[in-house]
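A.B. asks: Just passing along the structure, written as structure tokens.
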Amino acid sequence: MINAPRGTRDILPGQTSLWKHVIHTCEQAAVSLSFSEIRVPTFEDVALFQRSLGEGTDIIDKELFLVRGRHTEGEQYALRPEGTAGIVRAYIQHGMRTLPQPVRLYSILNLFRYERPQRGRYREHVQFDIEQFGSKDPSADAWVILTQWTALTRLGLGDAQLSLNSLGTTEEREFFREQLIAYFKPLQEELSEDSKRRLSSNPLRILDSKDPLDQPYLPNAPHLIDSLGNESRHHLDTVCTYLKTWGIAYTIDPFLVRGLDYYCQTCFEWSIPSEAGRPLALGGGGRYDSLLPALGGPDSGAVGAGLGLDRLVDLLEERGWQEPSSEVPKLAIVEEKSNKEAAAALIPQLVSQNIALWTDFSRGSLSSQLKAAAKEGCTYALFISEQGLQLKDLRRGAQQTVRLEEVKDAII
Ligand code: HAM
Numbered sequence: 022m023i024n025a026p027r028g029t030r031d032i033l034p035g036q037t038s039l040w041k042h043v044i045h046t047c048e049q050a051a052v053s054l055s056f057s058e059i060r061v062p063t064f065e066d067v068a069l070f071q072r073s074l075g076e077g078t079d080i081i082d083k084e085l086f087l088v089r090g091r092h093t094e095g096e097q098y099a100l101r102p103e104g105t106a107g108i109v110r111a112y113i114q115h116g117m118r119t120l121p122q123p124v125r126l127y128s129i130l131n132l133f134r135y136e137r138p139q140r141g142r143y144r145e146h147v148q149f150d151i152e153q154f155g156s157k158d159p160s161a162d163a164w165v166i167l168t169q170w171t172a173l174t175r176l177g178l179g180d181a182q183l184s185l186n187s188l189g190t191t192e193e194r195e196f197f198r199e200q201l202i203a204y205f206k207p208l209q210e211e212l213s214e215d216s217k218r219r220l221s222s223n224p225l226r227i228l229d230s231k232d233p234l235d236q237p238y239l240p241n242a243p244h245l246i247d248s249l250g251n252e253s254r255h256h257l258d259t260v261c262t263y264l265k266t267w268g269i270a271y272t273i274d275p276f277l278v279r280g281l282d283y284y285c286q287t288c289f290e291w292s293i294p295s296e297a298g299r300p301l302a303l304g305g306g307g308r309y310d311s312l313l314p315a316l317g318g319p320d321s322g323a324v325g326a327g328l329g330l331d332r333l334v335d336l337l338e339e340r341g342w343q344e345p346s347s348e349v350p351k352l353a354i355v356e357e358k359s360n361k362e363a364a365a366a367l368i369p370q371l372v373s374q375n376i377a378l379w380t381d382f383s384r385g386s387l388s389s390q391l392k393a394a395a396k397e398g399c400t401y402a403l404f405i406s407e408q409g410l411q412l413k414d415l416r417r418g419a420q421q422t423v424r425l426e427e428v429k430d431a432i433i
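This note's numbering runs 21 ahead of the 1-based position in the sequence shown.
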């Protein structure tokens, strides 16, 4: 037997309504804050991800799903591991810089990362991604946070905690990088294998390490936020002022660095305490001004964020989410064997009236069809008798003769 690949999952019929609810709520939040939908390809030129996300990040070095066709000699593609790179490419490729700015885009994306599967970590996951182009103003960062907060609170996850940090400008980060190397170098032998490697490739990521070997050395490590210049400090303070005005609670976390290299200035993460000890990240994002020019676009500012929908769905399921009872009455067409063709002939007109239908003519008797219909949640059943078309109210048991064109009104 062939099973689904490790780290992927089937969403079964009983689970799709929660998924639809989560996706719909996120989309509504995005639309209500002026984001328009964009859809981009599931795979892109591998160079796009390498240039955007940064060599030396786990996502590029270890987790890319490379795609090769039979006849793609010389072409190298990868399944998208995240959404920002593809949306930035589309913004540049389609000349969206000529549109009135800011351009606000959202997308629901299936993403692929070859990670070690565990609770809340899949090899295919879905994100609600938002990107805002054409503004370097701190209000744009705050707007993105507001959009995620709106989606989370509408989903009943207002207890998610927001952590905020600033990664400063490229120059500030470069200076800080040297400070970090100076601090960690003498401790090198004590650090975890990952951190030893990162010391030369990406020392900022050491700050984000959860490895017990690294933990004793983190509290005294220098903080980038302490060496920010006036402009970066002012940018962060202004984002905070907006959040306070809107009543969005946050904490400043000087250790927050995020796993992708394109960020500068504001970065943030939403998380929820988890029984496993480590808080579970529900989403995150930040400003990435240098990515647009790096990919051939304008130097006009960009900020965005993603929410991990698998984790939102898992969390809501754990918290006992109940599907609101369906507003649409479901009508069962039931019939004795001899009359099935006549009953089947009613169906097209009922479908064209947009009535939700259920049938199972494979069941023999009328009574077994009625029982099954009630179990399926049908509220009415329709069948043909000698007296004409009969409509039975399955909850109250009442029955009446109806004409086909009256059925819709009778069941509302
Ligand atoms: P990210 O932090 O890599 O950011 O992912 C965002 C969220 O997606 C995470 O907080 C988590 O909830 C969820 N997530 C990530 N990996 C997995 C996984 N393997 N299984 C389940 N859920 C996962 C980004 O991807 C950025 N592109 C966000 C962004 C948009 N930044 C600017 N614009």
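C-beta: ideal position from N, C-alpha, C; glycine also.
In chain order, which continuous runs of the alpha helix (DSSP H) of length 4 or greater are located wholly inside the region 330–375?
C.D. replies: Listed in chain order, the complete alpha helix (DSSP H) runs (minimum 4 residues) inside the region 330–375 are 330–339, 361–373.
A.B. asks: Expressed to the nearest angstrom, what Euclidean distance is found between the alpha-carbon atoms of C399 and K392?
C.D. replies: Within the sequence shown, numbered from 1, the residue matching residue 399 stands at position 378. Within the sequence shown, numbered from 1, the residue matching residue 392 stands at position 371. Cα to Cα, C399 sits roughly 10 Å from K392.
A.B. asks: Which residue wins for smallest C-alpha separation from D310, given the options R89, L228, D320?
C.D. replies: As a working note, residue 310 is residue 289 in the sequence shown. The candidate whose alpha carbon is nearest that of D310 is D320.
A.B. asks: Inspect the beta-carbon positions of L387 and F404 and report whether they are closer than 8 Å.
C.D. replies: As a first step, residue 387 is located in the sequence shown; it is residue number 366 there, counting from the start. As a first step, residue 404 is located in the sequence shown; it is residue number 383 there, counting from the start. Yes, they are a contact pair.
A.B. asks: Taking only heavy atoms of the ligand HAM into account, decide whether any of them is closer than 7 Å to the Cβ of D162.
C.D. replies: Taking the first residue of the sequence shown as 1, we reach residue 162 at position 141. D162 Cβ: outside cutoff for every heavy atom of the ligand HAM.
A.B. asks: State yes or no: is the C-beta of G317 within less than 8 Å of the C-beta of T287?
C.D. replies: The sequence position of residue 317 within the sequence shown is 296, counting from 1. The sequence position of residue 287 within the sequence shown is 266, counting from 1. Contact: no.
A.B. asks: Determine the extent of the beta strand (DSSP E) in which D150 is found, giving its start and end residues.
C.D. replies: Your numbering for residue 150 matches position 129 in the sequence shown. 145–154 is the span of the beta strand (DSSP E), which, as asked, contains D150.
A.B. asks: By Cβ distance, which residues of its chain are closer than 6 Å to H256, with the 5 residues on each side in sequence left out?
C.D. replies: By one-based count along the sequence shown, residue 256 stands at place 235. Taken in chain order, the residues that qualify are P159, Q286.
A.B. asks: By Cβ distance, which residues of its chain are closer than 6 Å to S55, with the 5 residues on each side in sequence left out?
C.D. replies: Stepping through the sequence shown from its first residue, residue 55 is reached at position 34. Correct list, in chain order: R125.
A.B. asks: Do A163 and V260 have their beta-carbon atoms positioned less than 8 Å apart in this structure?
C.D. replies: Sequence index remark: in the sequence shown, residue 260 carries index 239 (1-based). Sequence index remark: in the sequence shown, residue 163 carries index 142 (1-based). In this structure, A163 lies closer than 8 Å to V260 by Cβ.
A.B. asks: Would you mind sorting T93 into buried or exposed? The rule is 16 or more other CB atoms within 10 Å of its CB.
C.D. replies: The residue you call residue 93 lines up with position 72 of the sequence shown. By the neighbour-count rule (16 or more Cβ atoms within 10 Å), T93 is not buried but exposed.
A.B. asks: For G95, count the other beta carbons within 10 Å of its own beta carbon; 16 or more makes it buried, fewer makes it exposed. Which is it?
C.D. replies: Numbered from its first residue, the sequence shown carries residue 95 at position 74. It counts as exposed.
A.B. asks: According to the neighbour-count rule (16 or more other Cβ atoms, all chains shown, within 10 Å of its Cβ), is E290 buried or exposed?
C.D. replies: In the sequence shown, the residue the question calls residue 290 occupies position 269. Buried: at least 16 other Cβ atoms inside 10 Å.
A.B. asks: So what's E192 in DSSP terms, helix, strand or just coil?
C.D. replies: Translated into the one-based positions of the sequence shown, residue 192 becomes position 171. Of the three classes helix, strand and coil, the one that applies to E192 here is helix, per DSSP.
A.B. asks: Rank P294, Q122, W170, I80 by C-alpha distance to the C-alpha of K157 and give the top, closest one.
C.D. replies: On the sequence shown, position 136 is the one that residue 157 refers to. If we check each option's Cα against that of K157, Q122 comes out closest.
A.B. asks: Just the Cα atoms here: how many angstroms apart are S184 and T29?
C.D. replies: By 1-based counting over the sequence shown, the position of residue 184 is 163. By 1-based counting over the sequence shown, the position of residue 29 is 8. Spanning the two alpha carbons is a distance of roughly 29 Å.
A.B. asks: Relative to the C-alpha of L425, which residue among R417, V372, D381 is closest?
C.D. replies: Counting from 1 along the sequence shown, the entry for residue 425 is found at position 404. Of the listed residues, the one whose Cα sits closest to L425 is V372.
A.B. asks: Whole angstroms are fine: how far does the CA of F133 sit from the CA of P300?
C.D. replies: The residue you call residue 300 lines up with position 279 of the sequence shown. The residue you call residue 133 lines up with position 112 of the sequence shown. The straight-line gap from Cα to Cα measures roughly 22 Å.
A.B. asks: If I follow the unbroken beta strand (DSSP E) through G107, where does it start and stop?
C.D. replies: Here the question's residue 107 lines up with position 86 in the sequence shown. Run containing G107: none in the beta strand (DSSP E); it sits in the alpha helix (DSSP H), 105–114.
A.B. asks: Contact defined as beta carbons within less than 8 Å: I believe T78 pairs with L281. What is the distance between those atoms, to the nearest angstrom?
C.D. replies: Here residue 78 refers to the residue found at position 57 of the sequence shown. Here residue 281 refers to the residue found at position 260 of the sequence shown. That belief holds up - the Cβ atoms of T78 and L281 are roughly 6 Å apart, short of 8 Å.
A.B. asks: Please report the residue range of the beta strand (DSSP E) in which F133 lies.
C.D. replies: Sequence index remark: in the sequence shown, residue 133 carries index 112 (1-based). Residues 124–133.
A.B. asks: Can the beta-carbon of S295 be found closer than 8 Å to that of Q182?
C.D. replies: Position 274 of the sequence shown, counted from the start, is the residue given in the question as residue 295. Position 161 of the sequence shown, counted from the start, is the residue given in the question as residue 182. Cβ atoms of S295 and Q182: not closer than 8 Å.
A.B. asks: Are the beta-carbon atoms belonging to L277 and E193 less than 8 Å from one another?
C.D. replies: Here residue 277 is taken as the residue at index 256 of the sequence shown, counted from 1. Here residue 193 is taken as the residue at index 172 of the sequence shown, counted from 1. No, Cβ-Cβ distance for L277 and E193 is not below 8 Å.
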